[in-house]
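Visitor:
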Amino acid sequence: MCAPTNDLSHAPAPGSDLFEKASCFAPQDPLVTTITDLPVLILVDDASDADEALIKDDLGIRTIIDLRTKTELIAQARKFSQRPEHTSANASSFSSHSVSTLPRINGIAYHDIKITGRPFEMHLVRQLSWWSFFKVIFYFVLGYRMSAIRIIATEVMLPRGLLGLGTDTVDISGLEIKKALSLYATRESLPILVHCTQGKDRTGLIISLVLMILDTPIDAIEHDYFLTNKGLEAENAQILTEVRQIGLTEEWATTSPVMIRGLQKHLIAKYGGLNAYLDGIGFGPDLRASLRERLMY
Numbered sequence: 342m343c344a345p346t347n348d349l350s351h352a353p354a355p356g357s358d359l360f361e362k363a364s365c366f367a368p369q370d371p372l373v374t375t376i377t378d379l380p381v382l383i384l385v386d387d388a389s390d391a392d393e394a395l396i397k398d399d400l401g402i403r404t405i406i407d408l409r410t411k412t413e414l415i416a417q418a419r420k421f422s423q424r425p426e427h428t429s430a431n432a433s434s435f436s437s438h439s440v441s442t443l444p445r446i447n448g449i450a451y452h453d454i455k456i457t458g459r460p461f462e463m464h465l466v467r468q469l470s471w472w473s474f475f476k477v478i479f480y481f482v483l484g485y486r487m488s489a490i491r492i493i494a495t496e497v498m499l500p501r502g503l504l505g506l507g508t509d510t511v512d513i514s515g516l517e518i519k520k521a522l523s524l525y526a527t528r529e530s531l532p533i534l535v536h537c538t539q540g541k542d543r544t545g546l547i548i549s550l551v552l553m554i555l556d557t558p559i560d561a562i563e564h565d566y567f568l569t570n571k572g573l574e575a576e577n578a579q580i581l582t583e584v585r586q587i588g589l590t591e592e593w594a595t596t597s598p599v600m601i602r603g604l605q606k607h608l609i610a611k612y613g614g615l616n617a618y619l620d621g622i623g624f625g626p627d628l629r630a631s632l633r634e635r636l637m638y
């Protein structure tokens with residue numbers, strides 16, 4: 342999904358060394374600016390001075406929501422720590438440089454919300470055969486996380502597809518989804534930047550729900566979601582390598598053509614609609630009204 346702003350002239354050019362896509366809502370912007378034809382790529386884990394100025398000053402970001410899993414964070418921290426320029430003690434913009442903790446931009450509140458965290462992982466593991474289940478446990482105990490993930494990916498994720506995993510996330514991760522949405526209903530948190538690894542599935546889910554709460558036409562939400570593909574073009578080769586490494590196909594490197602409407606249909610068929618689903622996870626009418634008030638004035 343895209344990062345909406347009124348002035349995109351300072352956005353980093355596609356193809357620069359950026360690895361996180363993001364979406365943000367600024368309360369002073371009218372709703373129409375949340376749908377734009379120009380994707381914005383924002384570096385989160387390795388911001389230069391210019392990137393940091395863009396995030397903090399130009400966009401005025403107060404909060405960053407990180408939706409990545411523990412495995413993704415470990416992998417990204419390892420990549421970060423191996424860069425020579427990050428082994429020095431001079432990078433004053435960040436609070437930590439350890440392998441286990443990624444650097445964070447000072448002055449911004451961070452919220453790690455793993456919407457595909459432990460409950461979701463257990464949901465996937467329960468769908469394995471007994472033999473595969475024991476292999477996954479064995480690999481995890483020995484520290485071979487990627488080998489374990491490959492089994493889950495090929496035997497569970499691949500058959501479910503992107504839409505299936507999206508609806509599973511809605512069903513399993515209600516608590517985490519509520520936490521993310523609640524930040525949009527809090528004035529002190531705005532503007533917010535939310536990201537995962539590729540910025541299309543988990544980020545797309547959260548932003549799509551926000552836009553649905555704002556009564557944005559489904560065609561507009563779908564249009565915004567598909568813009569992610571343009572933002573991913575510069576990293577397509579790397580993404581393809583990563584998805585194939587865990588046994589997934591190239592379809593997993595782009596947005597799903599049926600995701601947004603499929604999500605809408607799932608909410609109606611299983612819960613009776615968006616509002617009923619949100620009521621069920623504790624994001625009730627008052628919180629929805631607060632979110633609309635913060636983002637639509």
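Just add 341 to wherever you are in the sequence shown, counting from 1, and you've got the numbering used here. Glycine included, each C-beta is placed from N, C-alpha and C at the ideal position.
1) Within 10 Å of its beta-carbon, does Gln539 have 16 or more other beta-carbons around it, so buried, or fewer, so exposed?
2) Are the CB atoms of Ser549 and Leu628 nearer to each other than 8 Å?
3) Specify, as a first and last residue, the run of the alpha helix (DSSP H) that Leu608 falls within.
4) Just to confirm, are Ile518 and Ile456 a CB contact at a threshold of 8 Å?
5) Would you call the segment 587-601 in contact with the segment 493-513, where contact means no fewer than 3 C-beta pairs closer than 8 Å?
6) Of all the options Pro558, Thr544, Thr527, Glu529, which has the alpha carbon lying nearest to the alpha carbon of Val535?
7) Can you name the start and end residues of the beta strand (DSSP E) that Ile406 belongs to?
8) Comparing C-alpha positions only, which one of Lys606, Glu576, Gly502 sits nearest to Ile559?
9) Decide yes or no for the touch test of the segment 458-474 against the segment 561-576: beta carbon pairs closer than 8 Å, at least 3 of them.
10) Contact check, Ile547 vs Ala521 under 8 Å by CB: the rounded distance?
11) Out of curiosity, what's the CA-to-CA distance linking Asp390 and Leu581?
12) Should Tyr451 go down as buried or exposed, given a rule of 16 or more other Cβ atoms within 10 Å for buried?
13) Use the C-beta contact count for Met600: other C-beta atoms within 10 angstroms, 16 or more gives buried, fewer gives exposed.
14) With Ile449 and Arg403 assumed to form a contact (beta carbons below 8 Å), what rounded beta-carbon distance in angstroms separates them?
15) With distances taken between CB atoms, is the gap from Leu531 to Arg445 smaller than 8 Å?
16) Mapping the DSSP letters down to three states, classify Ala521 as helix, strand or coil.
17) Buried or exposed, going by whether 16 or more other CB atoms sit within 10 Å of the CB of Phe461?
18) Express the C-alpha separation of Gly505 and Gly613 in angstroms, rounding to a whole number.
19) Near Ala489, which residues of its chain fall below 6 Å by C-beta distance, leaving aside the five closest residues on each side in sequence?
20) Nearest CA to the CA of Lys397: which residue from Tyr618, Ile493, Leu443, Asn447?
21) May I have the straight-line CA-CA distance separating Leu632 from Leu608, to the nearest angstrom?
22) In terms of residue numbering, what span does the alpha helix (DSSP H) encompassing Ile492 cover?
23) Taking Val497 as part of the beta strand (DSSP E), name the residues at either end of that continuous run.
Guide: Straight from the coordinates:
1) Buried: at least 16 other Cβ atoms inside 10 Å.
2) No, the Cβ-Cβ distance between Ser549 and Leu628 is not below 8 Å.
3) For Leu608, the uninterrupted alpha helix (DSSP H) run begins and ends at 600-612, by DSSP.
4) In this structure, the beta-carbon distance from Ile518 to Ile456 falls below 8 Å.
5) Contact between the segment 587-601 and the segment 493-513 is established, with three or more Cβ pairs separated by less than 8 Å.
6) Nearest in C-alpha terms to Val535, of all of Pro558, Thr544, Thr527, Glu529, is Thr544.
7) If you look at Ile406, you'll find it in the beta strand (DSSP E) that goes 404-407.
8) Minimum Cα distance to Ile559 is reached at Lys606.
9) With a cut-off of 8 Å, the segment 561-576 and the segment 458-474 do not count as touching, because too few Cβ pairs lie within range.
10) Rounded, the Cβ-Cβ distance is 5 Å, consistent with contact.
11) Between the C-alpha atoms of Asp390 and Leu581 there is a straight-line separation of about 30 Å.
12) Looking at its Cβ environment, which holds fewer than 16 other Cβ atoms inside 10 Å, Tyr451 is exposed.
13) By the 10 Å Cβ count, Met600 comes out buried.
14) At roughly 7 Å, the Cβ-Cβ gap stays under 8 Å, so Ile449 and Arg403 are in contact.
15) Arg445 is positioned such that its CB atom lies no closer than 8 Å to that of Leu531.
16) Three-state result, Ala521: helix.
17) So Phe461 ends up on the buried side.
18) Cα to Cα, the separation comes out at about 18 Å.
19) Result list for Ala489: Val477, Tyr480, Phe481, in chain order.
20) Closest in C-alpha terms to Lys397, from the list Tyr618, Ile493, Leu443, Asn447, comes Asn447.
21) C-alpha separation (whole angstroms): 20 Å.
22) Its alpha helix (DSSP H) spans residues 486-493.
23) Counting along the chain, Val497 falls outside any beta strand (DSSP E), and DSSP gives it neither H nor E.
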